[in-house]
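For reference, the structure discussed in these notes is given below.
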Amino acid sequence: MIGWKVTEFGKIEKTKHQELLDGLDSVKVKLTRALITEDDIAHICGEDKNVQLPIIPVRHAVGQITETAQPHDFISKGSRVVISSIEPCGECPACETGHPENCYNFGIAGKNKEGFLKDFAVTNVSNVFTLPASVKDADAVYVEHVALALSIIDKLNVQKSSHVAIIGGSVFASILGQILIYYQAVPIIIDDKEANLRAVKKSGIYYTVSASNKPEKEISALSGGRLASSVVYLTRSGISTDLAYKIASHNAPIVFAGYSYPNLKIPMNIAMSKQNNTSCVNNGYGNYLAAINLLANKAIDLSVYSLPVTKMQDIEAEVGKMVDDFENKKPVQNILVNLLD
Ligand SMILES: [Zn+2]
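For the sequence shown, the residue numbers in our numbering are 285 to 625.
This is how it looks when you write it as structure tokens:
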């Protein structure tokens, strides 16, 4: 079986690997599509010192069950599934007291356990979630993005018609914005790249604001002077964190969110003066089923973000380009890999 490994930071190489069932609850999955994002590239480049080499990178993938160690009620050979990228350790105080969602030491695909840039994966049956036929592979690779958005919304206490500012204009911002609209809130997406704002608008978000043109004034105007009742700062947005606090109203929650994160600084003077409750979300654990339901109900339209499919033979070259862009601080475009040919 084949896979791609990070053997030194900034570089992947093709390798062979073994995937054998290990234990009664294990299942084997033929991976069909993988999504490679800037977060994966940040890990490949060693931004996070917790990444342990050598490692198979990539966090998001879907596939089809080819083998199970024993029969299961909901999963059998041929089931289409998404594999959870995140697994509680089972040993820390949070896990031991029945709160795996607060695990101190999550296993994270492509960061501290093997990721999904490979043709087959063996995992525990509790890590796979079946996909209805209506959710296509190209959308299913975003299941954890939807789950992450739901984890963020849990922290926001979103009210009907409340203004939620999202700093960063990625596909993830659009997903979060679309779910906020579904919950009848009013998302406002802020970015410094016009192309990102155009895509976000096309995907159905009404309010977008340029980060380079007095965004505080515009947010104030859009919210009738009240400013944002909550703010989500996407950790890869590249925009000053000061803005998150400047556009937040007094006591507004501010959530920092993303799978990878540079060492960001918080303007404590503004946060203290407005008493902004700041929290952090870095995974969608616990929300996979709800996320699949939202996709199945067509609550999220990702057609604006459809990606050309990269063949396996082009993986090294394409990841090489993404690494160059990341290291040169240029925008890194996601790629969708076809793991069938
Ligand atoms: Zn744990």
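Even for Gly, the Cβ is constructed at its ideal location relative to N, Cα and C.
query                                                                                                                       : result
Beta-carbon spacing of Ser-544, Glu-331 below 8 Å                                                                           : yes
Coil, strand or helix - Ser-458 by DSSP                                                                                     : helix
Separation of Ala-536 from Val-406, as counted between CA atoms                                                             : 43 Å
Residue closest to Ala-479, alpha-carbon to alpha-carbon, out of Tyr-466, Tyr-467, Val-493 and Ala-469                      : Val-493
Buried/exposed call for Ile-463, threshold 16 Cβ in 10 Å                                                                    : buried
Any beta strand (DSSP E) of 3 or more consecutive residues that is wholly inside the stretch 327-387                        : 344-352 and 364-367
Euclidean distance between Cα positions of Ile-554 and Tyr-529                                                              : 6 Å
Cut-off 6 Å between Cβ atoms - residues of its own chain near Met-606, not counting five sequence neighbours on either side : Ile-325 and Val-616
Those residues which DSSP pairs with Ser-514 across a bridge                                                                : Val-448
Local Cβ density within 10 Å of Ser-587, reported as buried at 16 or more and exposed below that                            : exposed
Cβ contact check for the stretch 442-462 and the stretch 471-486: 3 or more pairs under 8 Å                                 : yes
Selection from Ala-378, Arg-343 and Phe-293 that minimises the alpha carbon distance to Gly-542                             : Arg-343
Pick from Leu-304, Thr-352, Glu-303 and Asp-585 that is closest to Tyr-466, judged by C-alpha positions                     : Asp-585
Status (buried if at least 16 other CB within 10 Å, exposed otherwise) for Glu-371                                          : buried
Beta-carbon proximity of Val-539 to Lys-614, cut-off 8 Å                                                                    : no
Cβ-based burial, His-327 [other Cβ within 10 Å; buried from 16]                                                             : buried
Beta carbon shell of ligand 2 at less than 5 Å from a heavy atom                                                            : Ligand 2 is not part of the structure shown, which contains ligand 1 as its ligands.
Bridge partners - Val-539, DSSP secondary structure assignment                                                              : Val-516 and Ser-563
Distance between Tyr-517 and Lys-420 (C-alpha atoms, nearest Å)                                                             : 29 Å
Where Phe-293 falls, given that 16 or more other Cβ within 10 Å makes a residue buried                                      : exposed
Close Cβ partners of Asn-571 (< 7 Å) along its chain, the five nearest in sequence each way excluded                        : Ala-431, Leu-434 and Ser-435
Nearest residue (CA-CA) to Ser-368, options Leu-315, Ser-504, Ser-590 and Pro-592                                           : Leu-315
Cβ pair Leu-319, Asn-618 closer than 8 Å                                                                                    : yes
Of the listed residues Tyr-490, Arg-317 and Lys-300, nearest to Asp-625 (C-alpha basis)                                     : Arg-317
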